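For reference, the structure discussed in these notes is given below.
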Amino acid sequence: MVDSKFHVVSSSVSGMSRKTILSLSAAAFAAFAAAAKPHVFSMSFKVTSLNGPIASEQAREKTFAWLRKNHFTKVWLESYRHGERVPSDLLARERDAFRAAGFAVSGMVTPTMLNDAPAGGKPPMVTCWSDSAAQNRLRAECVRAAELFDQVIVDDFLFSGCGDKCARCAALKRKLGMADWGAFKRHLMMDVARRCIVEPSRAANPKIDVIVKFPCWYQNWFRQGYSPVEEPRLFGSCWAGTETRDANPDPVQGCNLVGMLDDLSGGRCGGGWYDGLDSAPEKFVEQARYTILGGARESFVHCYDYLIADDPGVTPFGEKADRGHACAAAFEKEADGLFELAGLLNGAKRVGWNWVVSRDGTGTGVSRHAFDVDGRRYVAWQNTTGEERTLDDWNPSTQRKLLSLPDDAAATVSGGKIKLAPHAFALAECSHP
Ligand SMILES: [Zn+2]
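Take the sequence shown: its letter number 292 is residue 292 in this note's numbering, and every next letter is one higher.
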């Protein structure tokens, strides 16, 4: 009943094996990376690693091989974060080295710590956006990135944490005659995005694709300054944060956000972003699967620093990156399966899923996803809990074949029941839609 190889279901995938990808010349790999693919796997590099190990050719060569082996064909290189910059000449050399190795290369700016530092201290992580000095620094960083790259993503710090205690924002809010802090912040962030990001970036590089990334905490977007309908139209593209990590009671939201943002933005959602912060390896892999199951066209894995490097650098709010190497190892084990899953889902029609997976409430903690592709129906289950789950969800007359990742022991069927190991993912091929 259980097939020993996941890839037997996806013979239509026009992918390449790890061995084949590793054996390609840089030019052949570049052609492969540039070709239209069902799904792109990309990895970001923070300022910390670009100023550190990645500046060395030897470390880069090792990284190229790891990326290729795990189906990555694109990288995002960050020019600014937390007050630290990668000098433009160094970044241009690194960009050119990745390109010469065949990777597609885009840029990244993280708009943190942009205000003046208080006496004897550091600027706040979350920027006060009514500060013209911060606006000017953001504009300068966006222009610098646009001069180096044709695609730049702005990390999800385009929100305001200010309130009545911020005299500068309170004064601007009064001047604008706005009573509501949420409305004020959405107005302010649109204004900053237009004047300091989009217009100057396009002036510096008319070809630029500049992307607004939405964090996964969608419940507070409207209070903190995010406008999921207007901002993607202003920028041209948006991205969904699918970084649900360990503590989120509803991890399937990573799946939902990609589709929701794509609908709200008129098809402008380029992909999903997740990271290894505060993540057990099995939750990291779950984020990877949900990003693909949600319909993302690109999986943006953040980042080399958290997952591969010895020094993860500073995390914004003290999140832990201490399990990053274990997350990378788990990803490596799953990479072929993720690649196959993405290939299988290419062009699939989603025909329903169960949105309620509350781990600690009355839900089972298992999400169920059905989709049709090439006249066949598939059903996938993700157990988000650390416990075994048995569901009355197996119909032997239609669900013909069970395929599971990463190994066959992850799921078994008996009679009308399917048993899922802790954190298991399973996929069933059904006889007909
Ligand atoms: Zn403020």
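The C-beta atom is built at its ideal place from N, Cα and C for all residues, glycine as well. On a predicted model such as this, the values are computed, not experimentally measured, just so you know.
Taking 7 angstroms as the cut-off, decide whether the C-beta atoms of R389 and V413 are in contact. no
In the DSSP output, which residue or residues are listed as bridge partners for I418? L391 and V413
Just checking, does the segment 276-290 make contact with the segment 243-258 on the three C-beta pairs under 8 angstroms criterion? Taking 8 angstroms as the limit for Cβ pairs, the verdict is that the segment 243-258 does touch the segment 276-290.
Is DSSP giving M260 helix, strand or coil here? helix
With a threshold of 16 other CB atoms inside 10 Å of the CB of N482, please say whether the residue is buried or exposed. The first residue shown for the chain is 1 and the last is 433, placing residue 482 beyond what the model contains.
Is the CB-CB distance between A428 and Q399 below 7 angstroms? In this structure, the beta-carbon distance from A428 to Q399 falls below 7 angstroms.
Pick helix, strand or coil for G270, following the three-state DSSP scheme. When DSSP states are grouped into helix, strand and coil, G270 belongs to the strand group.
Going by alpha carbons, who is nearest to A59 out of G386, I308 and P396? Its Cα nearest to that of A59, the residue I308 stands out among G386, I308 and P396.
Extract the residue ranges of the beta strand (DSSP E) inside the segment 199-266, only unbroken runs of 3 or more that lie entirely within it. 209-214 and 236-241
Taking 6 angstroms as the limit, name every residue whose beta carbon sits nearer than that to some heavy atom of ligand 1, in sequence order. Checking every Cβ against the heavy atoms of ligand 1 under 6 angstroms gives C128, S130, C162, C166, R168 and C169.
With a CB to CB cut of under 6 angstroms and the five nearest residues on each side skipped, what residues in its chain are close to D105? Just to set this straight, residue 105 is Val in the shown sequence, not Asp. So the list reads V75, R95, F98 and R99, once near-sequence residues are dropped.
From this set, T20, C162, P38 and A145, which residue's C-alpha is nearest R81's C-alpha? A145
Taking 7 angstroms as the CB-CB cut-off, is L307 touching chain C? The structure shown contains no chain C; it holds only a single protein chain.
8 angstroms Cβ shell around S397 - same chain, five flanking residues per side excluded: So the qualifying residues of the chain are S431.
Is the segment 16-33 touching the segment 294-305, taking contact as three or more C-beta pairs under 8 angstroms? Between the segment 16-33 and the segment 294-305 there are fewer than three C-beta pairs closer than 8 angstroms, too few to call the two in contact.
So what does DSSP say about W355, is it helix, strand or coil? With a pLDDT of 48 at W355, under the threshold of 50, the modelled position of this residue cannot be trusted, and the question is left open.
Helix or strand or just coil, what does DSSP make of S56? coil
Between the segment 127-142 and the segment 181-196, can you find at least three pairs of beta-carbon atoms closer than 8 angstroms? Contact holds between the segment 181-196 and the segment 127-142, because three or more Cβ pairs, one in each stretch, are under 8 angstroms apart.
With DSSP as the reference, label T20 as helix, strand or coil. helix
I'd like the span of the alpha helix (DSSP H) that includes F434, first residue to last. This structure gives no information on residue 434, because the portion of the chain shown stretches from 1 to 433.
Residues bridged to A104 (per DSSP): K74
Provide the residue span of the alpha helix (DSSP H) that contains F284, from first to last. P281 to L293
Please report the distance separating the alpha-carbon of A55 from that of C162. 37 angstroms
Locate the beta strand (DSSP E) running through C430, then write down its first and last residues. Counting along the chain, the beta strand (DSSP E) containing C430 begins and ends at F425 to C430.
How big is the Cα-Cα spacing for E61 and W394? Spanning the two alpha carbons is a distance of roughly 47 angstroms.
Please return the same chain residues whose Cβ sits closer than 8 angstroms to the Cβ of A65, not counting the five positions on each side in sequence. L22
DSSP three-state call for S132: helix, strand or coil? Correct three-state label for S132: helix.
Along the chain, where does the alpha helix (DSSP H) containing S160 start, and where does it finish? No alpha helix (DSSP H) contains S160, which DSSP labels as neither H nor E.
Alpha-carbon spacing of R68 relative to L24, whole angstroms: 10 angstroms
Residues sharing a beta bridge with L403, DSSP: L427
Measuring CB to CB, does G241 end up less than 7 angstroms from F214? yes
Run through the DSSP bridge pairs and tell me what E84 is partnered with. R81
Using only the alpha-carbon positions, how far apart do V86 and G254 sit? 31 angstroms
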